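These notes concern the structure reproduced below.
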Amino acid sequence: MIRVKIRHIYFTLISFLLPLAEAMAKVGGGTSFSLPNPIAAGTFPDFIKKVLDVVLQIGVPVAALALVYSGFLFVKARGNAQELETAKKAFVWTVIGVAILLGAWILATVIDTTIKNLQ
């Protein structure tokens with residue numbers, strides 16, 4: 010029973026270490042190892058700007074759809090006070106979300122230009 014466990018551990022270690030040996034053989038051996046930067050930003054402000062660009066690319070269409078949906082809720086309400094209140098809340102929260110997106114973009118742009126001017 011113990012031999013089976015030892016064999017299992019041995020083959021598990023070999024299965025994890027064999028790909029590393031192959032990678033070292035392709036690189037040519039050596040002890041140094043470096044990873045390329047997968048993010049195109051070299052500084053923290055650039056990273057924040059790129060993240061915000063992605064958020065804006067997703068957030069702007071979602072905000073547009075939310076505005077259309079809140080307009081649909083107004084039309085669907087047909088004068089019903091309770092449904093009009095729901096439509097108003099949807100519209101207000103959509104405007105708040107758009108304001109947050111716009112404020113984040115403005116803040117990131119101001120911080121980015123300030124840091125670049127200080128350098």
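Residue numbers (my numbering): 10 to 128. Glycine included, C-beta positions come from ideal geometry on N, C-alpha and C. Treat the numbers as computed from the prediction; the structure is a model and nothing was measured.
Grab me the residues of residue i's own chain with a C-beta within less than 8 Å of its C-beta, minus the 5 sequence neighbours each way, in chain order.
{"i": "residue 13", "result": "none"}
{"i": "residue 95", "result": "82, 86"}
Exposed or buried, what is residue i when buried is set at 16 or more other beta-carbons lying within 10 Å of its beta-carbon?
{"i": "residue 103", "result": "buried"}
{"i": "residue 43", "result": "exposed"}
{"i": "residue 49", "result": "exposed"}
{"i": "residue 72", "result": "buried"}
Taking the C-alpha atoms as reference points, what is the distance between residue i and residue j?
{"i": "residue 105", "j": "residue 128", "result": "35 Å"}
{"i": "residue 68", "j": "residue 109", "result": "10 Å"}
{"i": "residue 99", "j": "residue 79", "result": "6 Å"}
{"i": "residue 87", "j": "residue 125", "result": "53 Å"}
{"i": "residue 62", "j": "residue 28", "result": "37 Å"}
{"i": "residue 91", "j": "residue 64", "result": "33 Å"}
{"i": "residue 17", "j": "residue 122", "result": "58 Å"}
{"i": "residue 60", "j": "residue 11", "result": "52 Å"}
{"i": "residue 74", "j": "residue 56", "result": "28 Å"}
Near residue i, which residues of its chain fall below 7 Å by C-beta distance, leaving aside the five closest residues on each side in sequence?
{"i": "residue 120", "result": "54"}
{"i": "residue 58", "result": "117, 121"}
{"i": "residue 21", "result": "none"}
Going by beta-carbon coordinates alone, are residue i and residue j separated by less than 9 Å?
{"i": "residue 76", "j": "residue 107", "result": "yes"}
Among the residues of its own chain, which have a CB less than 6 Å from the CB of residue i, if the five just before and after it don't count?
{"i": "residue 19", "result": "none"}
{"i": "residue 93", "result": "86"}
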